[in-house]
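Input: a single structure, listed below in structure tokens.
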Amino acid sequence: MEIVKLKGFFPDLDNLTSRYKGLVIRKTIEKALEKGNKVIIDFEGFDLITQSFGDEIIGVIIRSKGVEFVKNHISVININGQIKDVLNFVASYSKRMRIA
Amino acid sequence: MNLTFENFVEEFNRFTEVVQNKINIKDYYFIEPVGVGVLKALIIENPDLDICGDPSKPSYSYINTLLSVPYNKYKNYFPLEIVDFNNIEENSMKIINLIVSSSSYTLKEDDKEVLNGYLKYLTGELLNNALYHSLSEINAVIAGQYFSKRGKIQICVIDRGKGFLFNLKEAYKVSAESDAIKKALEKGVSSPPCKDNLYYSVGHAGYGLYALRRIIEEINGRLIIISNNCSVKLEGGNIKILSEEINWKGVIVVFELLETYIYDILQKYTLQDFFKIFLWNEDGKDDEIF
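What follows is the structure in structure tokens.
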């Protein structure tokens, strides 16, 4: 199990809106997954993400590996309602895009 | 005269006209952020460009600050930032914090926090669009201001990239910039992966401009989008083509929110509520995985 603590990457921010920072996090997640680890993403200290950021960290992985893989390998902690909604929204359309 | 949201499109070609490597802004008494942002974008692209102003007008000192070399990113009193892939959050935060902190006393601290969230979300998505789709060589410029007398917020994002048509023509079979802008304002429309962009390796769905459109519609805001030769205005729920003879390369998105209506929406919806009701109502019905 590997915890990806976002605050450790971006100590001065309280929101994550860019694809670029999402890419940084996704690369870290993918490295952990390649080692066979499950990943916990810790959003402590963040109160807002955009769909673009959520798409980069979760949507891309769902579209390449499927929603079941993400369910079984990635979980989140310390998230507020806004972040949870964005991630579920991203997961929802990414699942459909993968099927299509 | 002033260069404002109202006459920005009408004045655009005259305002940006370059004659012998000079732009003459002597006619303009005051220039709103979108005009300043446009000049900044042109100067980044061509550092030798000379901006000629009238020292008796406020626009002169404004532009001189703009032209200060080297550009000092810590001058956070000046409502303009240059944004690249790596500093979207940091630089948009500077503009938005400044706008929100100077906004009306009628907004309570909690309301300001919600407004801050809306603006960060919107500018974040606009900047993602500008940087990831446009291939803009100058990256992007963001400028903004709170106008206390008029009770309005203006924010703009500017790039010197390829524009909407370049990005959407194949995927959506559009052949004019005006159609491409209208298409970009629809839900879930996004450009396919761009091979020239090293940071962008996967396709994704687009909700950034659609989110902006819905917020503008819901709170009676105003939005102008310029993509290359075409400019389109969204007001009162209608999309109207303003001009197809704009002399610009790239995209300019400028929006204005009026304080009265901002107050109303903040009383009705948190950011989370807004997105649930207006954006994701048709999409988020699958099993939640988080």
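Residue numbers (our numbering), protein chains in the order written: chain A, 404 to 503; chain B, 3 to 292. No residue lacks a Cβ here, since even glycine has one placed at the ideal position from N, Cα and C.
Legend entry - C-beta neighbour in chain A for asparagine 169/B, strict 8 Å: Taking the second sequence and counting its residues from 1, one reaches residue 169/B at position 167. It does not; no Cβ of chain A falls within 8 Å.
Inset, instruction - Inspect the beta-carbon positions of phenylalanine 17/B and glutamate 34/B and report whether they are closer than 8 Å. - result: Taking the first residue of the second sequence as 1, we reach residue 17/B at position 15. Taking the first residue of the second sequence as 1, we reach residue 34/B at position 32. No, Cβ-Cβ distance for phenylalanine 17/B and glutamate 34/B is not below 8 Å.
Inset, instruction - Would you list, in sequence order, the uninterrupted beta strand (DSSP E) runs of no fewer than 3 residues that lie entirely inside the region 53-127 of chain B? - result: Restricting attention to beta strand (DSSP E) runs no shorter than 3 residues, the region 53-127 of chain B encloses them at 82-85, ordered along the chain.
Legend entry - Within chain B, the residues that threonine 420/A reaches when beta carbons sit closer than 8 Å: What you label residue 420/A is simply residue 17 of the first sequence in a count that begins at 1. Within chain B, the residues near threonine 420/A are Ile90, Glu91, Ser94, Lys122, Tyr123, Thr125, Gly126, Glu127, Leu129, Asn130.
Legend entry - Cutoff 8 Å; reference alanine 391/A; Cβ partners in own chain excluding five residues on either side: Within the shown structure, residues of chain A are numbered from 404 to 503, placing residue 391/A beyond reach of any answer.
Legend entry - Contact with chain A by glutamine 269/B, beta-carbon distance below 8 Å: Along the second sequence, one-based indexing puts residue 269/B at 267. Not flagged as an interface residue toward chain A: glutamine 269/B, since no C-beta distance is shorter than 8 Å.
Inset, instruction - Would you tell me roughly how many angstroms separate the C-alpha atoms of aspartate 50/B and leucine 44/B, rounded to the nearest one? - result: Along the second sequence, read from residue 1 onward, the residue named residue 50/B stands at position 48. Along the second sequence, read from residue 1 onward, the residue named residue 44/B stands at position 42. Near 10 Å, if we compare the C-alpha coordinates of leucine 44/B and aspartate 50/B.
Legend entry - Within 8 Å, strictly: CB atoms of arginine 215/B and leucine 187/B: Your numbering for residue 215/B matches position 213 in the second sequence. Your numbering for residue 187/B matches position 185 in the second sequence. Yes, the Cβ-Cβ distance between arginine 215/B and leucine 187/B is below 8 Å.
Inset, instruction - Could you tell me which residues DSSP pairs with phenylalanine 570/A in its beta bridges? - result: Examination of residue 570/A is not possible in this model, given that chain A is present from 404 through 503 alone.
Inset, instruction - Just grab the DSSP bridge partners of lysine 278/B for me. - result: The residue labelled residue 278/B in the question sits at position 276 within the second sequence. BP columns for lysine 278/B are empty, so no partner.
Inset, instruction - Report the rounded CA-to-CA distance for phenylalanine 168/B versus serine 136/B, giving the unit in angstroms. - result: Residue numbering aside, residue 168/B sits at position 166 when the second sequence is read from its first letter. Residue numbering aside, residue 136/B sits at position 134 when the second sequence is read from its first letter. Across the structure, phenylalanine 168/B and serine 136/B are spaced so that their CA atoms are roughly 9 Å apart.
Inset, instruction - List the DSSP bridge partners of alanine 142/B. - result: What you label residue 142/B is simply residue 140 of the second sequence in a count that begins at 1. DSSP lists Val85/B, Asp161/B as the beta-bridge partner residues of alanine 142/B.
Inset, instruction - Please confirm if glutamine 22/B has its CB atom under 8 Å from at least one CB of chain A. - result: Position 20 of the second sequence, counted from the start, is the residue given in the question as residue 22/B. No, because no Cβ of chain A sits closer than 8 Å to the Cβ of glutamine 22/B.
Legend entry - CB contact check: lysine 410/A to chain B, cutoff 8 Å: Residue mapping note: residue 410/A aligns to position 7 of the first sequence, counting from 1. For lysine 410/A, the answer is no, since every Cβ of chain B falls outside 8 Å of its Cβ.
Legend entry - DSSP state of serine 505/A mapped onto helix, strand, coil: With chain A covering 404 to 503 only, the question about residue 505/A has no answer from this structure.
Legend entry - Sequence-distant residues of the same chain with beta carbon closer than 7 Å to glutamate 172/B, five excluded per side: Within the second sequence, the letter at position 170 stands for residue 172/B. Within the same chain, no residue comes within 7 Å of glutamate 172/B by CB-CB distance, once the 5 residues on both sides are set aside.
Inset, instruction - Just the C-alpha distance for leucine 416/A and aspartate 450/A, rounded to the nearest angstrom, thanks. - result: On the first sequence, position 13 is the one that residue 416/A refers to. On the first sequence, position 47 is the one that residue 450/A refers to. Cα to Cα, the separation comes out at about 10 Å.
Inset, instruction - Classify leucine 260/B as helix, strand or coil using the three-state DSSP reduction. - result: Residue mapping note: residue 260/B aligns to position 258 of the second sequence, counting from 1. In the structure shown, leucine 260/B sits in a strand (DSSP, three-state: E or B).
Inset, instruction - Kindly list the residues whose CB is nearer than 6 Å to the CB of alanine 145/B, restricted to its own chain and excluding five residues on each side of it in sequence; keep chain order. - result: On the second sequence, residue 145/B is found 143 positions in, with the first residue counted as 1. If we look at alanine 145/B and ignore the five residues flanking it on each side, its Cβ neighbours are Pro35, Val38, Gly39, Pro81, Leu82, Cys158.
Legend entry - Cβ pair count under 8 Å reaching 3, the region 101-116 of chain B against the region 248-260 of chain B: Contact fails: fewer than three Cβ-Cβ distances are below 8 Å.
Legend entry - Proximity test, Cβ basis, 8 Å: glycine 507/A and chain B: Because chain A is modelled from 404 through 503, residue 507/A falls outside the range shown and cannot be assessed.
Legend entry - Exposed unless 16 or more other CB atoms sit within 10 angstroms - verdict on threonine 453/A: Stepping through the first sequence from its first residue, residue 453/A is reached at position 50. By the neighbour-count rule (16 or more Cβ atoms within 10 Å), threonine 453/A is buried.
Legend entry - CB contact below 8 Å: leucine 200/B versus chain A: Position 198 of the second sequence, counted from the first residue, corresponds to residue 200/B. Only weak support is given to the placement of leucine 200/B: the predicted model assigns it a pLDDT of 39, under 50, and the value that follows is read from those uncertain coordinates. Taking Cβ atoms only, chain A never reaches closer than 8 Å to leucine 200/B, which makes this a no.
Legend entry - Simplified DSSP assignment, three categories, for lysine 438/A: For the purposes of this step, residue 438/A is taken as residue 35 along the first sequence, with counting starting at 1. In the displayed model, lysine 438/A falls within coil according to three-state DSSP, outside both helix and strand.
Inset, instruction - Using a Cβ-Cβ cut-off of 8 Å, state whether leucine 451/A counts as contacting chain B. - result: Counting from one through the first sequence, the residue named residue 451/A turns up at place 48. Chain B contact via Cβ: present.
Legend entry - Proximity to phenylalanine 166/B [Cα-Cα], best of Leu117/B, Glu220/B, Val234/B, Lys122/B: Stepping through the second sequence from its first residue, residue 166/B is reached at position 164. The residue from Leu117/B, Glu220/B, Val234/B, Lys122/B with its alpha-carbon nearest to that of phenylalanine 166/B is Val234/B.
Inset, instruction - Look at valine 407/A and aspartate 445/A and say whether their C-beta atoms are less than 8 Å apart. - result: Locating residue 407/A in the first sequence gives position 4, where the first residue counts as 1. Locating residue 445/A in the first sequence gives position 42, where the first residue counts as 1. Taking a C-beta distance under 8 Å as the contact criterion, valine 407/A and aspartate 445/A qualify as a contact pair.
Legend entry - Alpha carbon of lysine 506/A to alpha carbon of isoleucine 477/A, nearest angstrom: No answer is possible for residue 506/A: it lies beyond the span of chain A, which begins at 404 and ends at 503.
Legend entry - Alpha carbon of leucine 426/A to alpha carbon of isoleucine 432/A, nearest angstrom: For the purposes of this step, residue 426/A is identified with residue 23 of the first sequence, where counting begins at 1. For the purposes of this step, residue 432/A is identified with residue 29 of the first sequence, where counting begins at 1. Rounded to the nearest angstrom, the two C-alpha atoms are 10 Å apart.
Legend entry - Per DSSP, the bridge partner or partners of isoleucine 227/B: Counting from one through the second sequence, the residue named residue 227/B turns up at place 225. Paired residue(s): Val234/B, Val255/B.
Inset, instruction - May I ask you to list the residues that DSSP assigns as paired with serine 245/B? - result: The count along the second sequence starts at 1 and reaches residue 245/B at position 243. Paired residues: Ser233/B.
Inset, instruction - Show which residues of chain B have a CB atom less than 7 Å away from the CB atom of asparagine 491/A. - result: Along the first sequence, read from residue 1 onward, the residue named residue 491/A stands at position 88. The contacting residues are Gly286, Glu290, Ile291, Phe292.
Inset, instruction - Sort out for me which residues DSSP pairs serine 478/A with in a bridge. - result: Translated into positions along the first sequence, residue 478/A becomes position 75. Paired residue(s): Ile443/A.
Legend entry - Best match in Ile502/A, Thr420/A, Arg501/A for proximity to methionine 95/B [C-alpha to C-alpha]: To locate residue 95/B, count along the second sequence from 1; it is residue 93. The residue with the shortest Cα to Cα distance from methionine 95/B is Thr420/A.
Legend entry - Cβ neighbour criterion (16 or more within 10 Å) applied to phenylalanine 14/B: Sequence index remark: in the second sequence, residue 14/B carries index 12 (1-based). Classification for phenylalanine 14/B: buried.
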